[in-house]
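Taking it in order: structure first as structure tokens, then the write-up.
Protein chains: 2
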Amino acid sequence: MSATPEIQTTNKTLKPIVGVSGRTIVYDKDGKPCRACNTLLDFQMATGKKPKSDQINQTSLVNKAIEKDEYRQDPPDVEVLGKSSWTFMHSLCAKYPENPSPKDKNQISTFFDMLGRMYPCDWCAEDFSQYLKDNKVDTSSNDGLNMWLCGAHNAVNVKLGKKEFDCQLWKKRWRDGWE
Amino acid sequence: MSATPEIQTTNKTLKPIVGVSGRTIVYDKDGKPCRACNTLLDFQMATGKKPKSDQINQTSLVNKAIEKDEYRQDPPDVEVLGKSSWTFMHSLCAKYPENPSPKDKNQISTFFDMLGRMYPCDWCAEDFSQYLKDNKVDTSSNDGLNMWLCGAHNAVNVKLGKKEFDCQLWKKRWRDGWE
């Protein structure tokens, strides 16, 4: 059995169609591999960075260990919940339309309003609700929304004594990657 | 410098007021430590499980390493995004009211509708949107919503060849813990 995965390609484009994970690789409409739709290893493979076999084996082992214990885990603490929530929110907003419809604007505003009322950590929710009152969500465009969210995240970073993120770099961190 | 943290307590209740993380420990209105408002180590301390000093030191080192590189990370892949999103959604729904108001019901419905339209992974969003059409969100109560979400999560587990979670146990996994 080979440790190097077989790279199946379509005849016309020479793009890989199945990744090292065994999943079909998903491409965006512009033909580029979709980062949020593939595993990291598959995405790397599809963008021409073929991962090393030991990297694949390590990932596979780690994944199996995680899956085995996943269902018996305790509920997340404030740090795991916070990290998960920011990852979710930044990723969601990164895909917000350039020219949002009234429905898009309404739904994202409702979402943040709901978070200020229902976020599982009560004191976080109260602080966030106050932030919303002082800093209205910018639903006007993709960049506007993400700059607003970056500001909201930095307000929490400051509160927790963490360093602030340079909001001009949000696309690298949450949408396009650093390379 | 001692490796064991100082446990400050209030005079009247003997509850710790500052955790091993240096943060103030947050208690719910019923007087119990709030799981989603504290770090795991602080929560353990407040519930009488004093963590070992080597556990604290390890956590501190890991946290520092994570923080150092956090801002230069690439956007999440589909697995990290999926795990973060489920953690966020289950935690949010776990705190949904027992007797939700019309506003609560409307906001949570809008949230899931938005996910079916805007979730960053397009094929995940399409599948979720179809699931919503076939399985209307149960907004009637805390248990109803969480049983519905557990079913939605299991549909994805089946699709990905993962084992299903026993939905009767959702409170242990996402709200109360296993002990």
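Residue numbers (this note's numbering), protein chains in the order written: chain A, 1 to 179; chain B, 1001 to 1179. Note that the Cβ used here is the ideal one computed from N, Cα and C, for glycine as well.
| Check | Outcome |
| --- | --- |
| What do you get for W1174 (chain B), buried or exposed, if any count of 16 or more other CB atoms within 10 angstroms of its CB means buried? | buried |
| Buried or exposed for T1010 (chain B), please, with buried defined as at least 16 other CB atoms from any protein chain shown within 10 angstroms of its CB. | Summary for T1010 (chain B): the model assigns pLDDT 48, below 50, so the residue's position carries little reliability, and this model does not support an answer. |
| Quick check on the burial criterion: 16 or more other C-beta atoms within 10 angstroms. Buried or exposed for C178 (chain A)? | Here the sequence assigns Trp to residue 178 (chain A), which means Cys is not the residue at that position. Exposed, by the Cβ-count rule. |
| Which residues does DSSP pair with P1033 (chain B) in a beta bridge? | B:Y1027 |
| Going by Cα to Cα distance, which pick from B:Y1119, B:W1170, B:C1034 and B:W1086 is closest to G1144 (chain B)? | B:W1170 |
| Can you confirm whether the region 106-119 of chain A touches the region 1104-1117 of chain B when touching is taken to mean that 3 or more C-beta pairs between the two stretches lie within less than 8 Å? | yes |
| Taking C-beta pairs closer than 7 Å, name the residues in chain A that W1123 (chain B) reaches, listed in chain order. | V26 and C37 |
| At the level of alpha carbons, what is the spacing between Y1096 (chain B) and S1141 (chain B)? | 8 Å |
| Between the region 1121-1136 of chain B and the region 33-45 of chain A, do three or more beta carbon pairs fall short of 8 Å? | yes |
| Would you mind reading off the limits of the alpha helix (DSSP H) that contains T1087 (chain B)? | V1078 to A1094 |
| Using 7 Å as the limit for Cβ to Cβ distance, is P16 (chain A) near chain B? | no |
| Of all the CB atoms in chain A, is at least one closer than 7 Å to the CB of Y1071 (chain B)? | yes |
| Straight-line CA distance for P1075 (chain B) to F165 (chain A)? | 15 Å |
| Under a CB-based cut-off of 7 Å, is T1087 (chain B) close to chain A? | yes |
| Starting from the Cα of S1091 (chain B), find the closest Cα among A:S85, A:S91, A:H90 and A:A46 and give me that residue. | A:S85 |
| Could you tell me the boundaries of the alpha helix (DSSP H) in which K103 (chain A) lies? | P102 to M118 |
| Taking the alpha-carbon positions, what's the I1017 (chain B) to I1025 (chain B) distance? | 5 Å |
| Find the nearest neighbour of D1127 (chain B) within the set B:L1115, B:E1098 and B:N1038, judged by alpha-carbon distance. | B:L1115 |
| Taking L14 (chain A) as the reference, give the member of A:L40, A:L41, A:M45 and A:K29 with the closest Cα. | A:M45 |
| Along the chain, where does the alpha helix (DSSP H) that runs through K1163 (chain B) open and close? | That residue, K1163 (chain B), is in no alpha helix (DSSP H); it is neither H nor E in DSSP. |
| Which of the three DSSP states, helix, strand or coil, is assigned to K171 (chain A)? | helix |
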